Every structure is written in structure tokens, then in C-alpha cells.
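Everything below concerns the one structure shown next.
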Amino acid sequence: MNYINFVNNKKDEISPYRISTSNNNEKYFEALERYCGSRHDRINEYLRTNNIKNGDKNILCQTINSIKCLDEIINEAPQEEYKVLYRVIDKEFYKKLMSSSSFKERGYLSTSKMERWAKDKADQEDKVVIKLYVEKDVKRIDISQINYGTLSGRTEYEVLLQRGTILKRDSSSDDTFIVSLPNQCLFLKKFWGKGG
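Heads up: the sequence shown begins at 7 in the numbering used here, then just goes up one per residue.
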């Protein structure tokens, strides 16, 4: 990674995020790169199971540090109001979602702002697209707004949602879910008068 060149090229530009591109904050962008690259499975595996298969002490330490950085950068990012997002999931997980009125996602939730992109990806990989209505209090970061390393030029229009969200099936459509926080789920249950 050529971080020094990145900082020199970007130092006069206004960053869309409060976290500056300084040497002290490089770890946040590296954590995002790891998550958006090949490490999202490892990070979410640890959050879902408290374990990493075939992971040594160094991998575990790096994963825990990445989680801390991701939590911080998501919480500090400007909270743009993308109310409708899309997620590509495999058919087995779709069946699991459909068999329950709600599902707690212990990991982070990768989504896309672009329905067309999600549908194309689902078609290519024989998967399913679900539509997500994201509650206002759910923290998120728009990855497509970040110009850093391998995050630059990403075409999936990714918005990463905080960990620990609840997906609740919308009664009006099989492919639509409401994403909320656990305490909001109790409110929705009372508001709608439905079990959850």
C-alpha cells in the first residue's frame, strides 16, 4: 500500500468523512479494505460464532482490531439517509430468512445502493436479491464515497451497515425486509401488534 502517495495526492481535497487521512487513522481505512476485500468472511465468522476456523493468534488479533476500527469508522461516518438498499444472498440463507419472522445479524451487513447492480450480481451467481428498508438509527458508511487504496473505483455502490442488526420480514412483500436495531424491534412489535 502506498499510503504516503495517497495522503500527498488527497491532502488538499475535502474528505466526506470526519476521520482524516492521516497516518494515525490509516488503520481505519485498512480495516475497511480488509472487510471489503477478502476478509469480510473471517470478520463476520468471528462475530457470528466467536471463532475463526483455521485462524491462529495473529489472525484473531488482526480480526478483533479490524472490528474495533470498523465500529469506530461506521459510528463516525456521516449518516446519509439511504432508506432502501439491496442485498445479494444465497438461496439457502433466503429460505432461512423466509422461515422466520425476524433474524438477528451478528455481523456487519454489506448492501448496495443500486438495485440493477444487485440483480446483475444475483443472476451471475445464481443468488437472490432482497430489498431492505433501513431504519434511521441503524449506523452505516457509504463505501463508494471513499477514495482509498482498493476501495477506489469499486462498482458495487456498497453501503456497510453496523453489526448487530435485526432483519424483520415486511408483511407486504416476500423479498422486502426492515433493518432495525434490537431495541427498535421491540417498538415495531408493539406498533404493528405482531409477534417477532
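Positions of the beta carbon are idealized from the N, C-alpha and C atoms, including for glycine.
These numbers come from a predicted model, not from an experiment.
Cβ neighbour criterion (16 or more within 10 Å) applied to residue i
| i | result |
| --- | --- |
| LYS59 | exposed |
| PRO188 | exposed |
| PRO84 | exposed |
| LYS200 | For LYS200, the predicted structure reports a pLDDT of 40, less than 50, and the residue's modelled location is therefore unreliable. A value from the coordinates is still provided. By the neighbour-count rule (16 or more Cβ atoms within 10 Å), LYS200 is not buried but exposed. |
| ARG54 | exposed |
| GLU87 | exposed |
| LYS89 | exposed |
Residue span of the beta strand (DSSP E) that contains residue i, given as start and end
| i | result |
| --- | --- |
| TYR52 | Premise fails: TYR52 lies in the alpha helix (DSSP H), 46-55, not in any beta strand (DSSP E). |
| ASP148 | 146-148 |
| LEU173 | 171-175 |
| TYR92 | 90-95 |
| GLU164 | 164-167 |
| LYS137 | 134-140 |
| SER178 | Note, SER178: premise wrong, no beta strand (DSSP E); not H, not E. |
Assumed close pair residue i, residue j - CB separation to whole angstroms, cut-off 8 Å
| i | j | result |
| --- | --- | --- |
| TYR92 | SER116 | Actually they do not touch by this definition, with Cβ atoms about 10 Å apart. |
Which listed residue (the options) has its alpha carbon closest to that of residue i
| i | options | result |
| --- | --- | --- |
| TYR52 | LYS89, LYS101, TYR114 | TYR114 |
| ASN186 | SER105, ASP180, LEU167 | Just to set this straight, residue 186 is Ser in the shown sequence, not Asn. Closest by alpha carbon: LEU167. |
| ARG169 | GLN85, ASN81, ASP181, ASP180 | ASN81 |
| LYS125 | ILE152, TYR163, ILE147, ALA37 | TYR163 |
| LYS33 | LEU66, ASP47, GLU78 | GLU78 |
| CYS75 | ASP143, TYR41, VAL165 | TYR41 |
| SER177 | MET104, ILE147, VAL165, ASP132 | MET104 |
| SER106 | ALA37, VAL144, LYS174 | LYS174 |
| ILE149 | ASP62, LYS102, MET120, GLY61 | MET120 |
Run of the alpha helix (DSSP H) containing residue i, from where it starts to where it stops
| i | result |
| --- | --- |
| ILE65 | 63-82 |
| GLU39 | 32-40 |
| GLU111 | Element bounds for GLU111: not the alpha helix (DSSP H) but the beta strand (DSSP E), 108-111. |
Check: residue i C-beta below 7 Å from any heavy atom of the ligand SAH
| i | result |
| --- | --- |
| CYS42 | Absent from the structure shown: the ligand SAH. Ligands present: none. |
Count the C-beta pairs between the stretch 106-117 and the stretch 60-70 that are closer than 8 Å, then say yes if the count reaches three, no if not. no
Is it true that the stretch 124-138 meets the stretch 175-182, where meeting means three or more beta-carbon pairs spaced less than 8 Å apart? yes
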